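Using the working numbering, read the sequence shown as starting at 1 and increasing by one per residue.
Ideal Cβ positions, reconstructed from N, Cα and C, are used throughout, including at glycine.
Small disclaimer: the values here were computed from a predicted structure and weren't measured.
Below: the structure, in structure tokens.
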Amino acid sequence: MIPLYDNNPTRRFPVVTVLLIAANVAAFVYVLFSPAPFQQFIVRYGAVPAFIVQPGIPAHGPLPPGATVFTAMFMHAGFFHLAGNMLFLWIFGNNVEDIQGRGPFVAFYLLCGVAATAAHIYSDPFSAVPMVGASGAVSGVLAAYLLAFPHARVYTLFWFIIFVRVIPVPAVLFIGFWFLMQLLNAGGGGSVAWGAHIGGFVAGLLLAPLFRKY
1 MIPLYDNNPT RRFPVVTVLL IAANVAAFVY VLFSPAPFQQ FIVRYGAVPA FIVQPGIPAH
61 GPLPPGATVF TAMFMHAGFF HLAGNMLFLW IFGNNVEDIQ GRGPFVAFYL LCGVAATAAH
121 IYSDPFSAVP MVGASGAVSG VLAAYLLAFP HARVYTLFWF IIFVRVIPVP AVLFIGFWFL
181 MQLLNAGGGG SVAWGAHIGG FVAGLLLAPL FRKY
């Protein structure tokens with residue numbers, strides 16, 4: 001199922017959400033059209049747990065390992081990775097920005113991203129595989145949206161073979177199902193950092209009440 005939009009209007013234009021999406025897209029386009037190999041950017045600017053927890057290991061990029069906790073949030077491994085994260089950020093981020101305010105929303109987003117990376121490192125501290133993507137920060141945004149707007153309707157595209165329909169789903173059910181999938185997939189391996197999604201979501205639940213303006 002794919003979320004398309006919600007029925008939750010905002011009071012003002014979501015400047016920060018748009019800028020975050022633009023930054024992620026710009027980073028992807030820059031890497032995509034750079035003469036350097038795509039994978040080289042992922043290794044240099046992705047968050048590698050082994051480099052972060054073991055300072056003695058020489059990093060493969062120009063930045064201190066700790067700084068990659070932030071740069072990794074703006075790197076994506078492919079078009080669909082980027083598109084999925086930005087779709088979720090657009091649908092849910094504008095309302096969270098609206099209730100938190102622009103400055104606090106930036107801090108909230110980055111803190112959730114850092115917490116997500118910390119959770120990923122905790123799950124596999126000696127991994128040499130770079131973690132990239134805005135998923136952890138966006139997971140925190142989902143948590144904040146859930147707390148603030150549990151009864152908002154998320155218009156969701158469902159399909160099964162030839163059955164295709166857009167159905168309004170309460171946010172509490174949509175986000176609850178999403179989080180359940182993260183829990184069920186955690187520990188299953190693969191290229192998705194499920195632990196980061198869970199960590200970002202839990203951070204969002206804990207931090208959101210501190211950032212909400214009303």
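- In this structure, the CA atom of V48 is about 14 angstroms from the CA atom of V192.
- For T71, the secondary structure class from DSSP, reduced to helix, strand or coil, is helix.
- Scanning its chain for C-beta atoms nearer than 8 angstroms, with the 5 sequence neighbours on each side dropped, one finds around V25 the residues L82, M86, in chain order.
- Residue state for P170 is assigned as strand, using DSSP reduced to three classes.
- According to DSSP, residue pairing for T156 in a beta bridge involves P3, I167.
- Annotation for M86: the continuous alpha helix (DSSP H) segment containing it runs 79-100.
- For F13, no alpha helix (DSSP H) segment is defined, and its DSSP state is neither H nor E.
- Taking C-beta separations shorter than 7 angstroms and ignoring five residues to either side along the sequence, the partners of V106 in its chain run V16, following chain order.
- A check of alpha carbon separations from F41 across Y5, F126, P130 identifies P130 as the nearest.
- Assigned with DSSP and collapsed to three states, A203 falls in helix.
- By the C-beta criterion, the region 155-166 is judged not to be in contact with the region 132-140, since fewer than 3 inter-stretch pairs fall below 8 angstroms.
- Cα atoms of I99 and T10: separation of roughly 9 angstroms, rounded to the nearest angstrom.
- Straight across, the Cα-Cα distance linking G113 with A196 is about 8 angstroms.
- Between V31 and F38 a beta carbon distance of about 6 angstroms is seen, short of the 8 angstroms cut, so the two are scored as contacting.
- Looking only at P14, F92, L110, L111, the smallest Cα-Cα distance to D6 is reached by F92.
- With a minimum length of 4 residues, the unbroken runs of alpha helix (DSSP H) contained wholly in the region 99-151 fall at 102-123, 135-148.
- Around the beta carbon of Y45, 16 or more other beta carbons sit within 10 angstroms, so the residue counts as buried.
- The alpha carbon of W194 has as its nearest neighbour, out of A116, Y145, F211, P170, the alpha carbon of A116.
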